[in-house]
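Take a look at the structure set out below.
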Amino acid sequence: MNNTAEITTQTSILSDIMGAGIVVQLLLLTLILMSIISWAIIFRKWKIFKKSKVDNEKFLDLFWSANSL
Numbered sequence: 831m832n833n834t835a836e837i838t839t840q841t842s843i844l845s846d847i848m849g850a851g852i853v854v855q856l857l858l859l860t861l862i863l864m865s866i867i868s869w870a871i872i873f874r875k876w877k878i879f880k881k882s883k884v885d886n887e888k889f890l891d892l893f894w895s896a897n898s899l
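Under the numbering used here, the first residue of the sequence shown is numbered 831, with each subsequent residue one higher.
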């Protein structure tokens with residue numbers, strides 16, 4: 831019975847979107863695209879910071895292992 835309610839809800843959401851005006855549909859599409867772009871930026875920055883941390887650790891190991899002046 832729970833699955834039927836879930837399917838009905840999903841169908842209702844889709845029918846609401848399809849029945850909405852063009853402005854609402856464009857707004858929803860814009861929001862979805864901006865969300866995808868935001869997540870892409872987050873993952874890209876995470877990758878950059880991860881690489882920076884590794885590079886920083888390599889530098890510190892090299893720096894502290896060097897002979898003193």
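Glycine is no exception: its CB is placed at the ideal position from the N, C-alpha and C atoms.
In the three-state DSSP reduction, Gly-851 falls in the coil class, being neither helix nor strand. Under the three-state reduction of DSSP, Asn-897 is assigned to coil, being neither helix nor strand.
Per the coordinates, the alpha-carbon of Leu-890 lies some 58 Å from the alpha-carbon of Ser-842.
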